[in-house]
Amino acid sequence: MGRIAGVTAAETRERLLQAAAEVFAERGYDGTRVADIAAAAGVSNGALYAHFSSKADLLVSALKAHGPLMLAKLLAAAPDRSVAELLLIVGRWLPRREGSPGHLIVEALVAARRDQDVARPMRDYLGERADWLADLVRAGQAGGELDPALSPDALAHFCLLLSMGSALITPNLHAVDDEEWSAVLTRVVAALAPPAAPHTEAEHPR
281 MGRIAGVTAA ETRERLLQAA AEVFAERGYD GTRVADIAAA AGVSNGALYA
331 HFSSKADLLV SALKAHGPLM LAKLLAAAPD RSVAELLLIV GRWLPRREGS
381 PGHLIVEALV AARRDQDVAR PMRDYLGERA DWLADLVRAG QAGGELDPAL
431 SPDALAHFCL LLSMGSALIT PNLHAVDDEE WSAVLTRVVA ALAPPAAPHT
481 EAEHPR
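Using my numbering, read the sequence shown as starting at 281 and increasing by one per residue.
What follows is the structure, given as structure tokens:
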């Protein structure tokens with residue numbers, strides 16, 4: 281079972297990434313062998329190693345390919361949408377997230393705690409996500425939507441904590457009323473806005 285006839289190298293890579301996402305979600309990182317992923321993709325171990333150097337490489341690559349990038353997709357679909365609105369939309373979705381991307385994040389985070397081969401690329405992956413979020417915060421600050429006194433890196437870290445935490449606390453473990461959650465998020469996002477300018481005596485004469 282080598283390379284499949286009529287399938288390009290790019291298609292083979294995509295098959296492997298899809299198979300990795302499914303197998304890791306089903307069996308976990310420790311319970312998955314490279315041979316399991318190759319078999320699920322319908323290729324040989326040699327064909328797999330032509331694209332990925334290790335099981336850790338496959339895990340993080342699958343996360344990058346199939347992990348949730350909802351903010352980026354929303355921004356691409358409606359580039360004029362405000363940063364505050366983007367944060368609210370994604371925040372409302374977080375408690376209801378499910379499926380293999382969430383499982384991949386959990387497996388990668390857990391594996392990174394005990395396997396340096398996973399930890400190194402995960403630091404890079406999370407660093408890229410944090411940098412993207414920080415740039416989004418800076419754009420919101422430049423546009424007057426977000427308080428310029430806030431640290432973009434700290435706010436990006438806060439968003440990452442919410443995102444990764446929602447992958448761990450799934451709806452079947454703990455659910456929250458949608459309206460109540462939305463009310464909390466609205467309050468939080470409103471607190472990120474620039475402080476209102478103080479009223480002057482000229483604006484409000486006695």
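The C-beta atom is built at its ideal place from N, Cα and C for all residues, glycine as well.
Keep in mind the model is a prediction, meaning the values are calculated, not measured.
Rounded separation between residue 390 and residue 422 - CA only: In the sequence shown, the residue the question calls residue 390 occupies position 110. In the sequence shown, the residue the question calls residue 422 occupies position 142. For residue 390 and residue 422, the gap between their C-alpha atoms comes out near 37 angstroms.
Reference residue 418, options 304, 325 and 364, closest by Cα: Within the sequence shown, numbered from 1, the residue matching residue 418 stands at position 138. Selected option, being the one with the closest Cα: 364.
Stretch pair the stretch 288 to 299 + the stretch 318 to 337: three plus CB contacts closer than 8 angstroms: Counting Cβ pairs under 8 angstroms, three or more are found: they touch.
Cα-Cα separation, residue 345 to residue 313: The residue given as residue 345 occupies position 65 in the sequence shown. The residue given as residue 313 occupies position 33 in the sequence shown. CA-CA distance, residue 345 to residue 313, rounds to 20 angstroms.
CB contact check: residue 389 to chain C, cutoff 8 angstroms: Here there is only one protein chain, and chain C is not present.
Residues near residue 371 in its chain [Cβ-Cβ closer than 6 angstroms; skip 5 each side]: Position 91 of the sequence shown, counted from the first residue, corresponds to residue 371. Counting only Cβ-Cβ distances below 6 angstroms, and skipping sequence neighbours, we find 465.
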